[in-house]
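Here is the structure we will look at.
Protein chains: 2
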Amino acid sequence: MQLNCPMPKFDFDFITMGHGSGGLLTHKLLESGVFDLLSNEKLDEHHDGAILDLKGKTAFSTDSFVISPIFFPGGNIGELAVNGTVNDLAMCGALPQYISLSFILEEGLSMKEFWDVLVGIKAACEEAGIQVVTGDTKVVEKGKGDKIFINTTGIGTLHPRADISLKNVKPGDKILVSNQIARHGIAILSKRQGLEFETSIISDTTNLNRAVKKLLDHFGKNIHLLRDPTRGGLASTLNEIAGDTGYGVVLEDRAIPIDPQVRGACEILGLDPLYIANEGVFIAIVSSEKADAILNLLRTTEKCEHAAIIGTITEKNPGKVIMQNVMGGKRVVNMPIGEQLPRIC
Amino acid sequence: MQLNCPMPKFDFDFITMGHGSGGLLTHKLLESGVFDLLSNEKLDEHHDGAILDLKGKTAFSTDSFVISPIFFPGGNIGELAVNGTVNDLAMCGALPQYISLSFILEEGLSMKEFWDVLVGIKAACEEAGIQVVTGDTKVVEKGKGDKIFINTTGIGTLHPRADISLKNVKPGDKILVSNQIARHGIAILSKRQGLEFETSIISDTTNLNRAVKKLLDHFGKNIHLLRDPTRGGLASTLNEIAGDTGYGVVLEDRAIPIDPQVRGACEILGLDPLYIANEGVFIAIVSSEKADAILNLLRTTEKCEHAAIIGTITEKNPGKVIMQNVMGGKRVVNMPIGEQLPRIC
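Those sequence lines, one after another, are chains B and A. With numbering that gives the first Met the number 0 applied, the first sequence covers 0 to 344. With numbering that gives the first Met the number 0 applied, the second sequence covers 0 to 344.
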């Protein structure tokens, strides 16, 4: 979503230590445009905390975002911070409603960059249908941070038909992925100092709550588990599931959707796309009898056009993720140890 | 609270970039002791989000903590991060129940320091009676952070008798402060590089939820407003209240409780204690007819022994904070512009 939100006139061109004081400069910063941009009934109270009316089972999730660079092909840290927490809530089977927004700014950050991040936040909130209801702003000295770190923490009521739990996963269940993998990590890598390469690959950062709601509306308890394979990629998420359930995961190499340009970049760089981060893709583990119907629904859903059934939960190979190729060859997909690519979220 | 929690055997002596990967190193870090230390039914699920049963009006508040140094007289950044968010919830009239915990660690942080901060978190949670139910860990390169930044975001149901709102503040209301002021800021200052001075002043960091609950149990709607004067001190908080209500605030110089050692340090350093941060003090604006009874209750409450009535809400001097001395002299107490002392929370 592109919003037309011209930057208001701030008294400063750059963030200073005083903007984190809680005094006049903090107030002026917030009241010169930040509060207006994100305005809603609850935030407008300008309190240290928001008062929400909640009822029943509620998901609660937090994430800090330290991505570098803060502007990347397809988005910025602000959109990523909103989408990341919205998606964590969606993976619980919740309907995201409210988020908190907490900044750690580095002294010297330009107001223009800060504003562009804020506009990214607003756009992502509007797309996901959630509200920023409370926040915080801190400033650290130049050299003690890196432009901007953002924490978002979200709240959402569980979908009435959701029953998402590791306990529901059973052998025979099918594993779906909602879209082409590895776009976010490759988009960030393409802009990293010393690694720039020519590509039109953009991050897949987006909210997943609308697609998840649609799945739950239609298929309720047939959706056994949802996960978004961000840091560590598909390999990390599937290894976690195998480890936590004690079952095996068997993947079909050819079934995994991947953009040819992303595959090409991975080959050139010697990276395995299974380990590359995604920010707009989820895995659904679903009952086998409904798997095709769920796939068909997903494929008619925005940003899930490339959804695919990529594997099966098995009793064999407990705790392990096995990749099968079309020739019948098999390899173990291990949990990544460290990081191929630090600070991608 | 001093806990006896010996550090478990970690594979590393220092935090590495891989600990923020979301892969094997992240898992090992969390599962080598972090999860065990903070264990509770909800956190033990090890999901990206926690599922909570909530009902009715709920307060939601966030704060990031970037204090330097991370260990200071009277506490560490972990305790501060828990108490800070617990107190923001308490100031809404809520009963804090759950918090999220999100770390931004700098590569090279020693495991010993990380563990000591975690133990501080556990101790503060036990004292306040709340649970860490979800979290996140990120790592940034050496020189892109400062040892450890922590975000905590909290949730708590409103006290059934609470009706805390700026709208309830009216002329004649009395202003109480719950304890001696300015201890936190002076304790931090005493340890700052180049400023060390000999003192036994320790931070006042503590939870305020138990004292607030006691006030609300007994005096309900007579408690019109609660605020904790952290960054910017008493001056900033009272100016906000004057500005937001449109009423005046008149303070009695001699009534403001302050430890003689803190007062002495402020005099030597040329600092006004009204502008110094507190982390275990709150202001209550209460109906005048109950003010003495509320004061008496507070004075029998732990960590509120020095509570005092320090001023009155007036129709005169709208939007301003006026300090009266015993000789009848008056001065305006302005909102601080920048920061006397950066990164005190």
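Beta carbons: idealized from backbone N, C-alpha and C, even for Gly.
Whole angstroms are fine: how far does the CA of D43(A) sit from the CA of V320(B)?
What you label residue 320(B) is simply residue 321 of the first sequence in a count that begins at 1. What you label residue 43(A) is simply residue 44 of the second sequence in a count that begins at 1. So the alpha carbons of these two residues sit roughly 24 angstroms apart.
Interface residues of chain A facing I103(B) [CB-CB closer than 8 angstroms]:
Residue numbering aside, residue 103(B) sits at position 104 when the first sequence is read from its first letter. The answer, in chain order, is S63, V65, I103 and F148.
Do we get a CB-CB distance below 9 angstroms when we pair P335(B) with the residues of chain A?
If you number the first sequence from 1, residue 335(B) lands on position 336. Yes, its Cβ sits closer than 9 angstroms to a Cβ of chain A.
Within-9 angstroms CB hit, L215(B) to chain A
Translated into the one-based positions of the first sequence, residue 215(B) becomes position 216. No, its Cβ sits nowhere closer than 9 angstroms to a Cβ of chain A.
Does the separation of the CB atoms of I284(B) and I255(B) fall below 9 angstroms?
Residue mapping note: residue 284(B) aligns to position 285 of the first sequence, counting from 1. Residue mapping note: residue 255(B) aligns to position 256 of the first sequence, counting from 1. Going by C-beta atoms, I284(B) is not nearer than 9 angstroms to I255(B).
Quick one: is R209(B) near chain A, going by C-beta distance under 9 angstroms?
Reading the first sequence from its first residue, position 210 is the one you call residue 209(B). No, its Cβ sits nowhere closer than 9 angstroms to a Cβ of chain A.
Give a yes or no on whether the C-beta atoms belonging to G22(A) and V81(A) are separated by under 9 angstroms.
By one-based count along the second sequence, residue 22(A) stands at place 23. By one-based count along the second sequence, residue 81(A) stands at place 82. Not a contact, by the Cβ cut-off of 9 angstroms.
In chain B, what lies closer than 7 angstroms to F59(A) by C-beta?
Counting from one through the second sequence, the residue named residue 59(A) turns up at place 60. Within 7 angstroms Cβ-Cβ: G48, A49, L51, Y97, S99, V132, T133 and I154.
Three-state secondary structure (DSSP) at F70(A)?
Translated into the one-based positions of the second sequence, residue 70(A) becomes position 71. Looking at F70(A) - three-state DSSP - the assignment turns out to be strand.
Between the C-alpha atoms of I267(B) and Q260(B), what's the straight-line distance to the nearest angstrom?
Position 268 of the first sequence, counted from the start, is the residue given in the question as residue 267(B). Position 261 of the first sequence, counted from the start, is the residue given in the question as residue 260(B). Approximately 11 angstroms between the Cα atoms of the pair.
Host beta strand (DSSP E) of Q1(A) (start-end):
Indexing the second sequence from 1 puts residue 1(A) at position 2. Unbroken run through Q1(A): none, as it is neither H nor E.
Unbroken stretches of the beta strand (DSSP E), 3 residues or longer, contained in the region 94-158 of chain A
130-139 and 147-157
Interface residues of chain B around G19(A) at Cβ under 9 angstroms?
The residue you call residue 19(A) lines up with position 20 of the second sequence. Ordered by position in chain B, the residues that pass the 9 angstroms Cβ test against G19(A) are V65, R230, E338, P341 and R342.
Between which residues of its own chain and A93(A) is the CB-CB distance below 6 angstroms, once the five residues before and five after are set aside?
Position 94 of the second sequence, counted from the start, is the residue given in the question as residue 93(A). Counting only Cβ-Cβ distances below 6 angstroms, and skipping sequence neighbours, we find A58, G155 and L157.
Determine, using beta carbons only, whether G279(B) and K315(B) come nearer to each other than 9 angstroms.
On the first sequence, residue 279(B) is found 280 positions in, with the first residue counted as 1. On the first sequence, residue 315(B) is found 316 positions in, with the first residue counted as 1. Not a contact, by the Cβ cut-off of 9 angstroms.
State the Cα-Cα distance for the pair R160(B) and V131(A), rounded to the nearest angstrom.
Indexing the first sequence from 1 puts residue 160(B) at position 161. Indexing the second sequence from 1 puts residue 131(A) at position 132. Between R160(B) and V131(A), the C-alpha separation is close to 27 angstroms.
Let me know the secondary structure DSSP gives I336(B) once reduced to three states.
Counting from one through the first sequence, the residue named residue 336(B) turns up at place 337. Here I336(B) sits in coil by DSSP.
The beta strand (DSSP E) with G279(B) in it runs from where to where?
Residue mapping note: residue 279(B) aligns to position 280 of the first sequence, counting from 1. Where G279(B) is concerned, there is no enclosing beta strand (DSSP E), given that its DSSP letter is neither H nor E.
For the region 78-96 of chain A, enumerate the residues whose C-beta is nearer than 8 angstroms to any C-beta of chain B, in chain order.
D87, L88, M90, C91 and A93
Show which residues of chain A have a CB atom less than 8 angstroms away from the CB atom of G142(B).
Here residue 142(B) refers to the residue found at position 143 when the first sequence is read from its first residue. Near G142(B) (Cβ distances below 8 angstroms), the residues of chain A are G142.
Out of curiosity, what's the CA-to-CA distance linking I309(B) and A292(B)?
For the purposes of this step, residue 309(B) is taken as the residue at position 310 of the first sequence. For the purposes of this step, residue 292(B) is taken as the residue at position 293 of the first sequence. About 15 angstroms.
Taking the alpha carbon of C265(B) as the reference point, which residue from R182(B), T236(B) and A210(B) has its own alpha carbon closest?
Against the first sequence, residue 265(B) aligns to sequence position 266. Nearest C-alpha to C265(B): R182(B).
From the DSSP output, which residues share a beta bridge with F64(A)?
As a position in the second sequence, residue 64(A) is number 65, starting the count at 1. F64(A) is bridged to I149(A).
Under 9 angstroms, CB to CB, which of the residues in the region 0-30 of chain A have a partner in chain B?
T15, M16, G17, H18, G19, S20, G21, G22, L23, L24, T25 and H26
Check this for me: beta carbons of R342(B) and V116(B), under 9 angstroms apart or not?
Counting from 1 along the first sequence, the entry for residue 342(B) is found at position 343. Counting from 1 along the first sequence, the entry for residue 116(B) is found at position 117. Result no, Cβ atoms of R342(B) and V116(B) do not sit closer than 9 angstroms.
If I follow the unbroken beta strand (DSSP E) through I312(B), where does it start and stop?
Translated into positions along the first sequence, residue 312(B) becomes position 313. A307 to T313 is the extent of the beta strand (DSSP E) around I312(B).
Under 8 angstroms by Cβ, that's how I've got F148(B) and I98(B) pegged, so tell me the actual separation to the nearest angstrom.
Your numbering for residue 148(B) matches position 149 in the first sequence. Your numbering for residue 98(B) matches position 99 in the first sequence. Contact doesn't hold; Cβ gap of about 16 angstroms is too wide.
DSSP three-state assignment for N75(B), whether helix, strand or coil:
Locating residue 75(B) in the first sequence gives position 76, counting from the first residue. In the structure shown, N75(B) sits in a strand (DSSP, three-state: E or B).
Distance, D243(B) Cα to R330(B) Cα
Start at 1 with the first residue of the first sequence, and residue 330(B) comes out as number 331. Start at 1 with the first residue of the first sequence, and residue 243(B) comes out as number 244. Computed Cα separation, rounded: 20 angstroms.
Can we count S99(B) as close to the ligand GTP, meaning its CB is less than 8 angstroms from some heavy atom?
Ligands displayed in this structure: none; no statement on the ligand GTP is therefore possible.
Buried or exposed for V332(A), please, with buried defined as at least 16 other CB atoms from any protein chain shown within 10 angstroms of its CB.
By one-based count along the second sequence, residue 332(A) stands at place 333. The residue is buried, with at least 16 neighbouring Cβ atoms inside 10 Å.
CA nearest to the CA of D48(B), picked from P7(A), D47(A), S164(A) and F34(A):
Position 49 of the first sequence holds residue 48(B). According to the sequence as given, residue 48(B) is Gly; it is not Asp. For the residues P7(A), D47(A), S164(A) and F34(A), the minimum Cα distance to G48(B) belongs to S164(A).
Strictly under 9 angstroms for the Cβ-Cβ distance: is D243(B) near chain A by that measure?
Translated into the one-based positions of the first sequence, residue 243(B) becomes position 244. Chain A contact via Cβ: present.
Could you please give the first and the last residue of the uninterrupted beta strand (DSSP E) stretch that includes V176(B)?
Here the question's residue 176(B) lines up with position 177 in the first sequence. Run containing V176(B): K173 to V176, per the beta strand (DSSP E) assignment.
Would you mind telling me which residues of chain B sit closer than 7 angstroms to S235(A), beta carbon to beta carbon, in chain order?
The residue given as residue 235(A) occupies position 236 in the second sequence. Residues of chain B passing the Cβ test: G21 and G22.
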